[in-house]
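Residue numbers (this note's numbering): 7 to 654.
The beta-carbon is built from N, C-alpha and C at its ideal position, and this holds for glycine as well.
So the structure is just underneath, and the comments pick up after that.
Here you go:
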């Protein structure tokens, strides 16, 4: 019975997606909506039920559907391993998916293709289930590639909009760079371990920790360092870490429910999940852990500064997502995997609340996303204001809300390392916490509290509060953003908690969770003090009364240069387009189109043959004769190939 229930949990989203794609027109709009919503809620409740069971029994369940690939030593089964790590991810994915399904029934109701939209959401949920529950790297890679495909389909859902198609193309290309690294990592794992099963790989990791791969006669590299580097490249692209982050903000061109489901709560956390899943390998690759700390802390700081000056409300939240993913990565690099997972779960709830709350604002003001055209909406949208306010406070790490329990613990854990790497991560984490508080309050101030309003008169008459089908699904997110951190802290990161049951392994020399509990009080209060200190700056920067003083204090040139540097995302896109993409495009145009297509192929094809025949037959005769012979030769060539003349 348990096995049947788990199969239902894993494959129900796939069946729903296929049904909607095949029979969506038959059952109609309302029938498709009812079927998709009922199935998603059923899946979420089933996942929560199994989560309660796993808390009590502390065991994993192995499922095997049979052989997928069998070729020599390469044997892959359709196998799934549902352990505590997998069930936590299943609960997060299914819960957010169900909320987004219900929310979308109102947000996308008048879209003529809502059935296809719901089918894509269910298909994405299925592939995410494959990713987090697969018992081997191949099944996990199926889910990995599947969520990338669904991301492309959902970002470009409004495929008649050129920016949406461009953003989807950019997302899939950048992710292909990371997927190439992940593929090489899987190949190296099979070459070394002779298997792709997670259990065998993690059990043999200590044995191969002293193995080196000879690159040349004078240079060798540790096998696990190389494998973990390749795995991290894949994880960094999927989770939008520095240098491979450029796709995430542009992905906001998709519908807002897509942003909440894929780019806040689930798909972008797949990279963090991979690092946590392979924690045993990473523990024996200290150099790669150092790289993860540096990239993660730099990402958190960079994304926070880029979010400071964005005017699009969804892009501010997108850069916030990128910044919080940096927190998750650098704490994993410090061997705080359970803390990273705890922040992943907390982040899923308050970030989904922020995205869906922002979608409510956008839905009310005639699909406008520019915060400079908002202002003073608190009187018209008090309920939406309350939702966004709770989400923003949780994101800031306000005391005793969900974000506080994981975000502050990350900073405390960084300080407990007492080395240069930990100090760098802790410093950048503290600065990022202050910046996060600034742009979170900036969103609230510009959207709701500003005394000046730039909303068009014609739009004001149509502003409306959340309808029930958009408000009711947000209540679980509000509850999670307030209470989840307090309720789950001891279970996830409590000292001595048996919940992970050796799923997450940390070397004794790397484990400083106890020390994090006893860092000085100044460290514990530092995030709160820095966050509160940044709040008056919002009023100082954007208040109408203080604007003149602010413009006098800041020199115009310096302010504009800083604003441009942050606003253009540190010019990453400019550098990539100018020095990487453009040369590649020019080279491809010259090599493949001019020299190959219009050159070699045309020379060896009908054009070259007819020219040769015309010059042999006509010599230097007039142009009219050569044209006539060209056409005649072309006709003979087509007849020789068996193509009737009337088709030419």
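Task: Close beta carbons around residue 308, own chain, < 7 Å, minus the five adjacent residues each side - done: Leaving aside the five residues that flank residue 308 on each side, the residues in its chain whose CB is nearer than 7 Å to its CB run, in chain order, 248, 576.
Open item on the list: Just to confirm the assignment, what range does the alpha helix (DSSP H) spanning residue 492 have?
Closed with: That run of the alpha helix (DSSP H) goes 480-499.
Task: Rounded C-alpha distance that separates residue 605 from residue 282 - done: Taking the straight line from one Cα to the other gives about 52 Å.
Open item on the list: Report the start-end ranges of each beta strand (DSSP E) in the segment 59-125 that is 3 residues or longer and not cut off at the edges.
Closed with: When DSSP assignments are scanned along the segment 59-125, the uninterrupted stretches of beta strand (DSSP E) that are 3 or more residues long and fall wholly within it turn out to be 67-77, 80-88.
TODO: Quick one: measure Cβ to Cβ for residue 67 and residue 8, integer angstroms, because I've assumed they're closer than 8 Å.
DONE: Residue 67 to residue 8, Cβ: 7 Å. Contact.
Task: Cβ-Cβ distance between residue 439 and residue 421 below 7 Å - done: Not closer than 7 Å, so no.
- [ ] Using 10 angstroms around the beta-carbon of residue 652, count the other beta-carbons present and answer buried if the total reaches 16, otherwise exposed.
- [x] Caution is warranted here: a pLDDT of 44 is assigned to residue 652, below 50, making its placement in the model unreliable, and no coordinate value can be reported.
Task: Contact the segment 274-281 vs the segment 329-336: 3+ CB pairs below 8 Å - done: Segment contact: the segment 274-281 against the segment 329-336, three or more CB-CB distances shorter than 8 Å; contact assigned.
Task: residue 228 - containing beta strand (DSSP E), residue span - done: Per DSSP, residue 228 is one residue of the beta strand (DSSP E) stretching across 226-228.
TODO: Would you please state the rounded distance, in angstroms, between the beta carbons of residue 158 and residue 178? I believe it to be under 8 Å.
DONE: Right, their Cβ atoms sit about 5 Å apart.
Open item on the list: Can you determine whether any heavy atom of the ligand MN sits closer than 6 Å to the C-beta of residue 32, and answer yes or no?
Closed with: In terms of ligand content, the structure shown is empty, and the ligand MN therefore cannot be addressed.
Task: Option in 128, 63, 355, 122 with minimal Cα separation from residue 505 - done: Comparing Cα positions, the closest option is 63.
Task: Same chain only: Cβ atoms within 8 Å of residue 626, ignoring 5 sequence neighbours per side - done: Reliability fails at residue 626, whose pLDDT of 48 lies under 50, so the model's placement of it is uncertain and the value that follows must be treated cautiously. So the list is empty, once near-sequence residues are dropped.
Open item on the list: Can you find the residues in the same chain that come closer than 8 Å, C-beta to C-beta, to residue 232, ignoring five residues on each side of it along the sequence?
Closed with: A distance below 8 Å between beta-carbons, with the five flanking residues on each side excluded, links residue 232 to the following residues of its chain, in chain order: 194, 219.
Task: Spatially closest choice to residue 544 from 315, 571, 463, 517, by CA coordinates - done: For residue 544, the closest C-alpha among the options 315, 571, 463, 517 is that of 315.
TODO: Quick one: residues in its chain with C-beta nearer than 7 Å to the C-beta of residue 97, no 5 flanking neighbours on either side, listed in chain order?
DONE: Sequence-distant Cβ neighbours of residue 97 in its own chain, meaning closer than 7 Å and more than five residues away, are 53, 54, 57.
Task: residue 218 - containing beta strand (DSSP E), residue span - done: Note, residue 218: beta strand (DSSP E), 218-220.
Task: residue 464 classed as buried or exposed, judged by whether at least 16 other C-beta atoms fall within 10 angstroms - done: Classification for residue 464: exposed.
Open item on the list: Please classify residue 607 as buried or exposed, where buried requires at least 16 other C-beta atoms within 10 Å of its C-beta.
Closed with: Residue 607 comes out exposed.
Open item on the list: Rounded to the nearest angstrom, what separates residue 499 and residue 348 at their Cα positions?
Closed with: The C-alpha of residue 348 is placed about 7 Å away from the C-alpha of residue 499.
TODO: Work out the CA separation of residue 342 and residue 427 for me, nearest whole Å.
DONE: So the alpha carbons of these two residues sit roughly 14 Å apart.
Task: Helix, strand or coil at residue 142 according to DSSP, with G and I counted as helix - done: Here DSSP, grouped into helix, strand and coil, assigns residue 142 to strand.
Task: Beta-carbon contacts of residue 266 that lie in its chain and below 6 Å, excluding the five residues immediately before and after - done: Hits under 6 Å: 106, 358, 361, 362.
Open item on the list: Does residue 448 pass the burial test, meaning 16 or more other C-beta atoms within 10 Å, or should it be called exposed?
Closed with: With a threshold of 16 other beta carbon atoms within 10 Å, residue 448 meets it and is buried.
- [ ] Output the residue ranges of the alpha helix (DSSP H) runs that lie fully inside the segment 499-535 and measure 4 residues or longer, sorted by chain position.
- [x] DSSP runs (the alpha helix (DSSP H)) wholly in the segment 499-535: 519-522.
Task: Cβ neighbour criterion (16 or more within 10 Å) applied to residue 519 - done: Under this definition residue 519 is a buried residue.
TODO: Return yes when the Cβ of residue 242 is within less than 7 Å of the Cβ of residue 173, no when it is not.
DONE: The answer is no: Cβ separation not under 7 Å.
- [ ] Starting from residue 318, follow its DSSP beta bridges and name the residues at the other end.
- [x] Its beta-bridge partners are 376.
- [ ] Identify which residue in 129, 286, 335 has its Cα closest to the Cα of residue 264.
- [x] Closest option to residue 264, Cα to Cα, is 129.
- [ ] Evaluate contact between the segment 297-312 and the segment 119-129, counting only Cβ atoms and requiring at least three cross-stretch pairs below 8 Å.
- [x] The segment 297-312 is not in contact with the segment 119-129.
- [ ] Keeping to the same chain, check which residues put their C-beta closer than 7 Å to that of residue 90; ignore five residues upstream and five downstream.
- [x] Only 60, 505, 506, 507, 509 meet the Cβ criterion.
Task: Inter-residue Cα distance where the pair is residue 272 and residue 149 - done: Computed Cα separation, rounded: 12 Å.
Open item on the list: Let me confirm a value: residue 223 is counted as buried when at least 16 other C-beta atoms fall within 10 Å, else exposed. Which label applies?
Closed with: Exposed, by the Cβ-count rule.
- [ ] Tell me, please, whether the segment 137-147 touches the segment 76-96 by the rule of three or more beta-carbon pairs shorter than 8 Å.
- [x] Segment contact: the segment 137-147 against the segment 76-96, three or more CB-CB distances shorter than 8 Å; contact assigned.
TODO: Determine the closest residue to residue 310 out of 344, 368, 434, 211, with distance taken between C-alpha atoms.
DONE: Minimum Cα distance to residue 310 is reached at 434.
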